[in-house]
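Contents: one structure, followed by commentary.
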Amino acid sequence: MNKIKCECGHVNPEGTVLCESCGKPIEGNQHIDGNDKKKLLNMRYDGTARRSQTYNKSIIDKIWSFFSSVKVGVWLIVLALIASAIGSIFPQEMYIPADAPSRDPAVFYEAQYGIFGLIFYQLGFHNLYSSWWYMVLIALIGISLVICSLDRFVPLYKALKKQKAKRHETFLRRQRLFSETNAVTDEEIQLIKQQLKNQKYKLQEENGHILAEKGRFSRWGPYVNHIGLIIILLAAILRLTPLFYTNEYVWVREGQQLVIPGTDGEYYIENKDFIIETYDKNDKKFQEAIVKEGGEIPSNFQTNAIIYKAEESSVPGADPDLTKIIEDSIRMNQPIQFDGYSIYQSGYQLNEFTNMTFKLHEVEDAEEKALGSFTIDLNSPKPEYILDNGFKVEISKYYPDYYLNDNNIPASKTNFPRNPAFVLLVYPPDSEEAEVSFLGIGKNIDATGENDYKLGITDFEMHDVSGLAVKRDYSLPFFGLGALIFMIGVIQGMYWQHRRIWIQPSNGGLLMAAHTNKNWFGVKKDIEKVIAGTQVNMVNDQQELDD
Amino acid sequence: MGDLTTISSTMLYITFILYLIATIFFAATIKDKRTSSKKGNAGKIGITITIIGFLSQLTYFVTRWIASGHVPVSNLFEFMTFFGMSLVLAFIIIYFIYDLQVLGLFALPVALIIIAYASMFPTDISPLVPSLQSHWLYIHVTTVSLAEGILAFSFVSGLIYLIRQIDQTKSSKRTAWLEVVLYSLIVFVGFIVITVTFNMMNYNATFTYPTGGQTLESNYHLPPIAGPNDGELLTKDANQPLFETPAWMHGADAGRKFNTLIWSFITGTVLYVLLRVVLRKRIGAVIQPLLKNTKPDLLDEITYRAVAIGFPVFTLGGLIFAAIWAQEAWGRFWGWDPKEVWALITWFFYAAFLHLRLSRGWHGEKSAWLATVGFAIIMFNLVAVNLVLAGLHSYA
Ligand code: HEM
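Chains A and B, in that order, give the protein sequences.
FYI, the working numbering numbers position 265 of the first sequence as 271, with every residue one higher than the one before it.
FYI, the working numbering numbers position 256 of the second sequence as 480, with every residue one higher than the one before it.
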């Protein structure tokens with residue numbers, strides 16, 4: 007190792023720019039911090055040796071230097087910024103509107119946005135934020151954070167720890183704030199010291215050389231906030247594992263009880279009631295806004311639910327015994343929580359059909375006297391129904407959500423009984439021949455026109471369906487911790503500043519210099535107060551604003 | 225309750241006028257300084273009126289809050305107004321730290337433009353849909369807005385820096401870009417002028433247009449230059465649009481918004497050209513001599529400090545509180561929707577700014593340009609993301 011001995015006697019490690027002890031610029035190393043071209047010294051790391059600036063031979067040195075460069079860090083941040091912006095040009099796949107003609111990304115982007123949409127899709131930008139290269143970019147930022155922090159933290163820590171009050175004259179003269187006073191009295195020096203203390207500066211003295219310092223802890227702010235960021239990135243990795251994060255979605259009908267997905271059969275939910283409320287149209291203060299919105303603004307979505315915990319049944323293989331653990335409402339912004347799981351109100355479907363009751367009568371019968379009746383459970387229709395008087399009705403086709411498709415053929419849009427329709431076969435007693443009827447809401451079609459018997463809908467029941475998101479996220483505390491540490495660090499670094507004032511006796515007068523990592527205006531104010539009542543000259547700002 | 229709403233909007237008017245008067249006093253401080261080195265009274269009066277104006281805006285805010293029953297930051301009008309208020313608050317604080325009067329001459333007009341701009345959007349008190357009914361939402365929105373006010377302040381001092389420092393004796397890329405910045409501000413003024421003009425004439429043209437399988441109505445309050453895509457004009461005595469809004473612009477009322485945009489640019493351009501013709505100089509060159517007495521290094525420091533102070537507040541409000549609210553409402557604290565993405569972009573940008581400040585050569589003019597870009601991102605966030613990008617997305 008090429009240690010460097012300064013004229014003050016201190017031995018500095020290789021790569022040092024300013025002597026760790028007296029601050030004198032070390033010849034031959036001034037280019038490292040760009041001091042050779044400037045009058046003022048670069049004080050960012052107090053001129054300490056940093057690995058990245060010192061060694062540049064092996065591959066590892068090169069990688070280390072690369073990632074510890076702020077320039078590279080800024081580039082990575084800017085690239086992440088640009089990539090993020092690109093992803094927001096068109097909606098991401100998960101935000102393709104529910105009412106889009108086609109939600110298939112291969113179709114949607116081109117259909118909606120033409121050639122640009124097609125390019126967007128083909129480049130995979132419709133899932134940009136989970137693409138491998140976006141993740142790599144974020145990971146590189148993480149690596150850069152770790153390396154640059156290590157590269158600087160240790161030397162900076164050492165440098166700030168072993169500061170001496172006595173500095174080389176050049177060090178003072180090449181500070182941004184500097185003044186020279188030809189004559190001072192002892193009283194004046196005493197007054198200055200007192201006033202420094204009043205300003206909460208900590209003093210350190212050596213043969214009349216004074217170092218006054220405050221807010222040093224704020225120098226650690228960036229390192230603290232970078233640690234916070236690293237914790238957040240690690241939390242994001244944890245969250246990719248099912249151990250830490252599960253996410254399910256379930257539709258529950260009113261009155262239905264089912265096992266909550268993602269809980270290994272441990273919990274059940276029962277939907278007692280789904281409630282949707284809207285704002286009162288006659289409420290004066292909201293009237294105009296409500297009219298503009300088209301008359302209906304929802305004020306509440308709510309599912310009244312019961313959560314059960316399943317206990318091992320004593321008989322193996324039998325249904326588990328359910329114990330009610332919570333009965334509460336799930337509302338937007340007010341999820342139900344139990345045992346690490348949270349259930350969120352996320353969607354709803356109003357007025358699905360629960361069941362329909364039909365009656366059978368003779369076509370000729372003007373009074374439509376029922377020959378028999380039956381009820382179809384629309385969520386689990388039976389293949390056939392035997393009526394009391396020997397008639398048999400068979401379900402030939404069932405369209406839960408009936409519509410006529412492009413080719414004018416009956417079809418079902420979804421599997422949910424929102425607009426049920428049937429093709430029913432009616433077998434009179436002892437007959438092998440069936441009559442065909444088509445029934446739906448407001449439709450009753452006799453396929454052949456020769457039917458003797460007719461079916462009619464006499465009654466139905468309806469229900470609402472709640473869409474519930476089920477989440478369990480054990481990574482949250484880690485994100486919270488990371489965010490907290492980040493905030494502490496960023497406040498520590500931004501709202502406090504490290505201020506140093508050096509005073510040096512010089513031929514009966516004194517030299518005064520000051521440095522801060524930010525808020526020069528604040529230091530100048532401090533100095534004005536410190537030299538008040540003395541003949542000491544105010545410091546000059548020697549900043550070179552170059553552009 | 226109706227009365228309270230009226231009081232509330234009256235207070236906002238008064239606020240507007242007070243800020244305007246205060247601006248005039250701050251303008252007077254420049255003259256003051258030229259004649260004598262001692263500070264005149266104009267600045268003191270200016271800041272006093274600004275504070276009264278701020279209190280009056282606070283009254284608007286509180287009365288509207290009481291009238292509506294929720295914190296008034298739930299639609300674009302309310303949010304933008306609050307943003308203007310944050311900017312004024314940031315100005316008052318920074319004024320007392322740095323005692324720099326010229327800041328008022330630039331901060332207040334920017335705040336005025338923002339508030340006037342906000343008032344062009346529907347000002348009805350609207351009820352909150354269930355997803356917005358959360359205290360975290362208020363905490364989140366108010367903090368973000370405060371942060372953006374502080375960050376926007378770096379643009380104010382950055383802009384003064386640029387006008388002060390850029391060499392106007394010859395035309396260059398820098399003078400051109402500075403004119404672009406000033407021109408953009410004038411486009412906002414253009415938007416306000418044209419909207420107020422046609423509002424006073426009660427102009428209306430109604431269209432119907434098809435979108436997503438249904439037919440909707442769109443009410444134009446400016447004469448249609450760009451009609452809705454496939455739209456049909458219902459109002460008889462209105463002029464037919466010159467052309468149709470292209471089909472790839474989607475979302476509710478895309479045609480009307482695009483039309484307003486065109487009008488704003490036309491009016492802004494006319495205003496700008498008129499100014500240039502009257503002044504016979506670049507706008508930057510006209511203002512520059514007024515700023516002779518400002519210290520560039522102090523302006524640079526203010527630019528940087530505004531970012532340093534605003535950045536933590538933005539992180540807290542724009543990312544952390546936003547995530548807490550999203551977690552509560554949807555069970556996902558981060559979902560990559562455009563609002564979230566743009567909050568992240570803003571955050572990345574100011575993080576980059578702070579890191580660039582670590583190296584030499586990025587102080588002074590470069591920082592001032594960066595502050596300008598930052599402000600552009602914030603405005604994009606407020607205006608475009610709300611009106612254009614978010615319009616494409618179905619929220620929960
Ligand atoms: C999004 C990611 C990042 C954020 C939010 C962030 C945030 C910050 C903040 C707020 C500061 C304090 C700045 C000041 O005091 O003016 C800082 C300092 C710093 N950051 Fe980062 N940073 C990020 C990424 C990086 C990366 C990738 C690097 C790698 C080169 C890096 C290197 C540094 C350095 C060297 C400092 C100065 C430390 C000192 O003054 O002692 N940062 N960072």
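Glycine included, every Cβ here is placed at the ideal spot set by N, Cα and C.
Write down every uninterrupted run of the alpha helix (DSSP H) in the region 100–132 of chain A whose length is 4 residues or greater and which is fully enclosed by it, in chain order.
111–128
Going by beta-carbon coordinates alone, are Leu440 of chain B and Thr484 of chain B separated by less than 8 Å?
no
Go ahead and label Ser618 of chain B buried or exposed: buried means 16 or more other beta carbons lie within 10 angstroms of its beta carbon, across all protein chains shown.
Annotation note: pLDDT 32 at Ser618 of chain B (below 50); position unreliable, no value reported.
Taking 7 Å as the line, does the beta carbon of Ser150 of chain A fall inside it for any heavy atom of the ligand HEM?
yes
Who are the Cβ neighbours of Pro341 of chain A in its own chain at under 7 Å, not counting the five residues just before and after it?
Taken in chain order, the residues that qualify are Ser348, Ile349, Tyr350.
Would you decide whether Thr247 of chain B is buried or exposed? Buried here means 16 or more other CB atoms lie within 10 Å of its CB.
buried
To be precise: take each residue of the region 363–389 of chain B, compare its Cβ to all Cβ atoms of chain A, and keep it if any distance is under 7 Å. Which residues remain?
none
In three-state terms, what does DSSP make of Lys206 of chain A?
The answer is coil: DSSP assigns Lys206 of chain A none of H, G, I, E or B.
If you reduce the DSSP assignment to three classes, tell me which class Leu24 of chain A lands in.
strand
Need the endpoints of the alpha helix (DSSP H) that Lys164 of chain A sits in, please.
138–167
Just grab the DSSP bridge partners of Ser348 of chain A for me.
A:Gln343, A:Lys477
Would you mind reading off the limits of the alpha helix (DSSP H) that contains Trp70 of chain A?
Note, Trp70 of chain A: alpha helix (DSSP H), 65–74.
By how many angstroms is the C-alpha of Gly492 of chain B removed from the C-alpha of Ala251 of chain B?
Spanning the alpha carbons of Ala251 of chain B and Gly492 of chain B requires a straight line of approximately 23 Å.
How is His579 of chain B classed by DSSP in three states: helix, strand or coil?
helix
When every heavy atom of the ligand HEM is checked, does at least one fall within less than 7 Å of the C-beta of Lys199 of chain A?
No; taking the cut-off as 7 Å, the Cβ of Lys199 of chain A has no heavy atom of the ligand HEM nearer than that.
Grouping DSSP H, G and I as helix and E and B as strand, with all else coil, what is Leu434 of chain B?
Residue identity differs from the one stated: residue 434 of chain B is Pro in this sequence, not Leu. DSSP places Pro434 of chain B in strand when its eight states are reduced to three.
Might you give, ordered along the chain, the residues of its own chain that have their beta carbon closer than 7 Å to the beta carbon of Ala242 of chain A, omitting 5 neighbours on each side?
none
At a CB-CB cut-off below 7 Å, which residues of chain A make contact with Asp477 of chain B?
Near Asp477 of chain B there are no residues of chain A at all, since even the closest Cβ is about 12 Å away, more than 7 Å.
Please state whether DSSP places Asp521 of chain B in a helix, a strand or coil.
helix
At which residues does the alpha helix (DSSP H) containing Gln498 of chain A begin and terminate?
482–501
Three-state secondary structure (DSSP) at His215 of chain A?
strand
How would you list, in chain order, the residues of chain A whose beta-carbon sits under 7 Å from the beta-carbon of Ala575 of chain B?
Ile83
Please state whether DSSP places Arg182 of chain A in a helix, a strand or coil.
coil
List the DSSP bridge partners of Lys315 of chain A.
A:Tyr273, A:Thr329
Got a sec, what are the start and stop residues for the beta strand (DSSP E) Pro4 of chain A sits in?
Because chain A in this structure spans residues 7 to 553, residue 4 of chain A falls outside the shown range and cannot be described.
Under 6 Å Cβ to Cβ from Val312 of chain B, same chain only, skipping five residues before and after it: list those, please.
Phe278, Ala335
Can you determine whether any heavy atom of the ligand HEM sits closer than 7 Å to the C-beta of Gly328 of chain B, and answer yes or no?
no
Give, in chain order, every unbroken run of the alpha helix (DSSP H) that is at least 4 residues long and sits entirely within the region 345–407 of chain B.
359–389
Any heavy atom of the ligand HEM closer than 7 Å to the beta-carbon of Ser74 of chain A?
For the ligand HEM, at least one heavy atom lies less than 7 Å from the Cβ of Ser74 of chain A.
Going by DSSP, what residues sit across from Pro511 of chain A in a beta bridge?
Per DSSP, A:Leu516.
Under 8 Å between C-beta atoms, does Ser261 of chain B make it to chain A?
A caution first: Ser261 of chain B carries a pLDDT of 45, below 50, which makes its placement in the model unreliable, though a value can still be read off. So, not an interface residue.
Is there a Cβ of chain A sitting closer than 8 Å to that of Leu522 of chain B, yes or no?
yes
Residues in the same chain with beta-carbon distance under 8 Å from Phe126 of chain A, minus the five sequence neighbours each way, listed in chain order, please.
Ile95, Phe96, Tyr115, Tyr119, His132
Give me the residue from A:Asp345, A:Thr329, A:Lys530 with the minimum Cα distance to Thr269 of chain A.
A:Asp345
State the DSSP-derived secondary structure class of Val37 of chain A, mapped to helix, strand or coil.
This sequence places His at residue 37 of chain A; Val is not what is there. Coil.
Name the two residues that bound the continuous beta strand (DSSP E) containing Leu410 of chain A.
408–410
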